[in-house]
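Protein chains: 2
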Amino acid sequence: MKISKELLKGTGATLVLSVLAGGDLYGYGIVKTLAQRSEDAFAMNEGTLYPILHALEEEGCLESYWETADGRNRKYYHVTRKGLKKLRENKEEWEYFSAGMNRVLGYSPV
Amino acid sequence: MKISKELLKGTGATLVLSVLAGGDLYGYGIVKTLAQRSEDAFAMNEGTLYPILHALEEEGCLESYWETADGRNRKYYHVTRKGLKKLRENKEEWEYFSAGMNRVLGYSPV
DNA sequence: TGTATATACATTATATATCAAGGTATAACG
DNA sequence: CGTTATACCTTGATATATAATGTATATACA
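Chains as they are written, first to last, in this note's numbering: chain A, 3 to 112; chain B, 3 to 112.
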């Protein structure tokens, strides 16, 4: 197994899928949830998020529906079976990558 | 503390610095060492490596010198004090990032 | 009433990292 | 004597994240 070139670039999609696997949510809510769960490590830009959401939907990993509450229109996203599969694969790849990274860094005397 | 935008893009430099912190080495040797230490997780492309080496040298994080052995010309790289500082910072950032990543992924039921 | 902030969607231009592919040259192996 | 490994490097394509910008409504506050 080799680290795909998409891994580093793809952590955004993995984070989004991971949040949505816990329940349907809308864009703005995803950003807030990510910030909160990572203890502010991740402050995902909206210019990063929306292209990810649209791409995942195009791929069939997400489905969306509109809902209005408090006079606000929210576009909720739901993870499909395909999306869950992708999430499992991405998590595995992340674990593999981070293990490799830690192994290499572990050799360094610094 | 926030994850810098350079983190994901910068793992390449971190890996290279990490290898060189263990002793001076040349480009081709770095690729081989990385593959070996990561158990083939990382197969760094030469088109990725050389720009990293040149940029780190330009920054003052590396110094280079030529050596010939077995009729082969090898350009060895040595980590400077500044390079060690950068390595420490990058490692810290990596640990912070991977912790955040694991925290977010840990919430996912999948 | 007016204004700033938070919410909520989205696009566009820019920077940059990585890769694939190509180029040059020597040594070693069969 | 041709293939593989070693060893340096550059260029062009691709992709991703960000910054900046745009639209619109609700809420808090002065």
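Beta carbons: idealized from backbone N, C-alpha and C, even for Gly.
Check	Outcome
Candidates B:Ser40, B:His80, B:Ser66, B:Asp42: closest to B:Gly24 by CA position	B:His80
Under 8 Å by beta carbon: chain A residues contacting B:Glu41	Gly102, Arg105
Residue from B:Lys84, B:Leu86, B:Tyr67 with nearest C-alpha to B:Lys77	B:Tyr67
Run of the beta strand (DSSP E) containing A:Asn92, from where it starts to where it stops	Run containing A:Asn92: none in the beta strand (DSSP E); it sits in the alpha helix (DSSP H), 83-109.
Any chain B beta carbon closer than 9 Å to A:Met3	Because the pLDDT at A:Met3 is just 31, under 50, the model does not fix this residue reliably, and the value given afterwards should be weighed accordingly. Interface residue, yes.
Contact check, B:Ile32 vs B:Leu51, beta carbons under 9 Å	yes
When A:Pro53, A:Glu94, A:Glu61, A:Met103 are compared against A:Lys84, the one with the closest alpha-carbon	A:Glu61
Residues of its chain near A:Val21, where Cβ-Cβ distance is below 8 Å and the 5 sequence neighbours each way are ignored	Leu27, Ile32, Thr35, Leu36, Arg39
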